[in-house]
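Below: one structure, written as structure tokens.
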């Protein structure tokens with residue numbers, strides 16, 4: 003039981019308290035603007051060099067920390083990287099880490115593929131700022147960190163989009179090992195993802211998405 | 003390699019394509035309204051019975067399917083439950099499932115605790131609609147479903163808040179086993195969470211949150 007939250011028991015007090023309080027937040031009216039934000043966020047893989055003002059970055063991170071979190075544990079660390087030397091080092095280590103994959107290819111294919119990879123890395127590493135989203139294995143309910151981590155990353159990316167910035171939820175394209183080594187991330191922190199934040203060189207064409215009817219079932223699957 | 007996305011290689015073409023396209027989405031101006039949404043979403047544990055219009059529910063689910071998803075796999079199923087009989091059955095099975103925990107308590111404590119649990123369950127199951135967020139183990143990149151699942155749930159909860167509805171990201175308070183049995187969810191689908199959607203009986207008092215400075219590190223941890 004030590005890592006479960008006993009939702010009912012803990013929930014009882016909260017629900018009860020809630021009933022005798024005035025509403026603490028105003029009810030949002032319907033807002034098409036708010037809803038249009040969700041469809042506007044897209045994965046951006048090449049950025050303009052323009053810096054992100056600290057005020058904007060702070061507001062983006064402030065949104066991320068409002069994500070749902072198990073038992074209000076807030077197990078997050080947001081590691082912000084703007085140092086061009088660190089960004090260059092991550093890029094170099096990524097390219098190294100892909101060399102072994104190139105060796106899986108027939109020799110005559112490697113040159114073209116290496117060019118592709120370098121172009122792609124040039125895009126991923128063209129942003130002025132990166133945020134590594136981490137969770138702390140020493141948090142109050144670590145067995146729930148795999149929920150809390152992506153939730154905060156999603157909030158961060160939506161908030162960035164609300165301010166006009168692009169992001170992309172990167173996992174294996176920038177291997178965890180690379181960020182851990184270059185940024186000296188202690189073992190206690192697990193990486194959720196890393197995302198660039200910056201003005202897109204251009205907004206990508208919207209991806210084809212499944213129809214809502216394919217994804218929704220009513221009452222039974 | 004079969005389940006990894008080879009981000010660089012796949013990314014190369016996309017980034018490249020992006021460079022020769024017009025912006026497909028307008029750049030959002032700064033919007034305090036959008037950013038205020040993140041802080042407004044709170045976990046709601048007791049609801050009014052008022053139904054959620056289908057139009058609103060559709061818009062909420064439409065936002066959820068726009069979440070970041072690995073290689074655009076969209077591995078989600080959103081199971082919507084409004085049938086009062088199914089909701090009552092989930093509540094009954096939840097209460098049953100907690101009986102074993104009550105037996106862990108000294109006998110003189112059980113009655114009070116049982117009353118607490120019933121009150122809490124009464125709150126959790128007071129909403130007019132529930133959405134079970136699922137991922138498909140037969141998706142294109144199933145090893146990334148643990149990212150995609152919470153991301154979609156977070157989008158869903160923010161979209162609901164934008165329309166004035168409350169939600170709560172429930173895991174063990176309504177055990178997966180209960181939803182799987184009562185709703186006959188096939189084994190191929192993994193449950194991410196279940197959330198009620200409805201008008202809050204009242205908005206809870208905002209929870210105390212860690213300071214941003216505790217959660218953010220610049221350049222190094």
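Protein chains in written order, with this note's numbering: chain A, 3 to 223; chain B, 3 to 223.
The beta carbon of each residue, even a glycine, is placed where N, CA and C say it ideally should be.
- Closer than 7 Å to the CB of residue 129 of chain B there is not a single CB belonging to chain A.
- Of all residues in the region 33-45 of chain A, the ones placed with a Cβ closer than 8 Å to any Cβ belonging to chain B are 33, 35, 36, 37, 39, 40, 41, 42, 43, 44 and 45, in chain order.
- Counting C-beta pairs with one atom in each stretch, the region 72-90 of chain A and the region 181-190 of chain B have fewer than three that are closer than 8 Å, which means they do not touch.
- Across the set B/46, B/36 and B/223, the C-alpha of B/46 shows the shortest separation from the C-alpha of residue 132 of chain B.
- For residue 162 of chain A, there are no neighbours in chain B by C-beta distance under 7 Å, as the nearest C-beta there is about 10 Å away.
- The region 116-125 of chain A and the region 156-163 of chain A do not touch, with fewer than 3 CB-CB distances between them shorter than 8 Å.
- Collapsing the DSSP output to three states places residue 143 of chain A in coil.
- Per DSSP, residue 89 of chain B lies in no beta strand (DSSP E) segment; the continuous alpha helix (DSSP H) that holds it begins and ends at 86-104.
- Cα atoms of residue 182 of chain A and residue 166 of chain B: separation of roughly 41 Å, rounded to the nearest angstrom.
- At a C-beta separation below 9 Å, residue 76 of chain B has these neighbours in chain A: 211, 212, 216 and 217.
- When C-beta distances to chain B are compared with 9 Å, the residues of the region 137-165 of chain A below that value are 146, 148, 149, 150, 151, 152, 153, 154, 155, 156, 157, 159, 160, 161, 163, 164 and 165, in chain order.
- Not one beta carbon of chain A lies nearer than 7 Å to the beta carbon of residue 184 of chain B.
- A direct Cα-Cα distance of roughly 58 Å separates residue 127 of chain A from residue 112 of chain B.
- Residue 79 of chain A: member of the beta strand (DSSP E) spanning 78-83, first to last residue.
- The CB of residue 193 of chain A never comes closer than 7 Å to any CB in chain B; the least such distance is about 11 Å.
- Taking the C-beta atoms as reference points, residue 65 of chain B is found nearer than 7 Å to residue 161 of chain B.
- The region 207-223 of chain A and the region 52-62 of chain A do not touch, with fewer than 3 CB-CB distances between them shorter than 8 Å.
- Its chain contains 92, 96, 126 and 196 as the residues whose beta carbon lies nearer than 8 Å to that of residue 176 of chain B, once the 5 sequence neighbours on both sides are disregarded; these appear in chain order.
- DSSP lists A/132 as the beta-bridge partner residues of residue 198 of chain A.
- Secondary structure at residue 35 of chain A: helix, using DSSP grouped into helix, strand and coil.
- Distance from residue 104 of chain A to residue 117 of chain A at the Cβ level is roughly 11 Å; contact not present, criterion being Cβ atoms closer than 8 Å.
- Counting the other Cβ atoms within 10 Å of the Cβ of residue 53 of chain A gives fewer than 16, which makes it exposed.
- Chain B places a beta carbon closer than 7 Å to that of residue 221 of chain A, counting this residue as a contact.
- With a contact defined as Cβ atoms closer than 8 Å, residue 71 of chain B and residue 150 of chain B qualify at about 5 Å.
- If you check the CB distance, residue 77 of chain B and residue 147 of chain B come in under 7 Å.
- Residue environment for residue 141 of chain A: buried (at least 16 other C-beta atoms within 10 angstroms of its C-beta).
- DSSP places residue 43 of chain A in the coil class of the three-state scheme, outside both helix and strand.
- Of A/136, A/202, A/164 and A/107, the smallest CA-CA separation from residue 191 of chain A is found for A/136.
- For residue 104 of chain B, not one C-beta of chain A is nearer than 7 Å to its own C-beta.
- In the three-state scheme derived from DSSP, where H, G and I count as helix and E and B as strand, residue 169 of chain B is classed as strand.
- Residue state for residue 113 of chain A is assigned as helix, using DSSP reduced to three classes.
- Secondary structure of residue 164 of chain B (DSSP, three-state): helix.
- In terms of Cβ geometry, residue 98 of chain B and residue 143 of chain B do not form a close pair [threshold 7 Å].
- Identification of chain B residues near residue 69 of chain A by a Cβ-Cβ cut-off of 7 Å yields 156, ordered along the chain.
- Contact between residue 39 of chain A and residue 163 of chain A holds, since their C-beta atoms are separated by about 6 Å, short of 8 Å.
- Your pair residue 79 of chain A and residue 217 of chain B checks out as a contact, with CB atoms roughly 6 Å apart and the cut at 8 Å.
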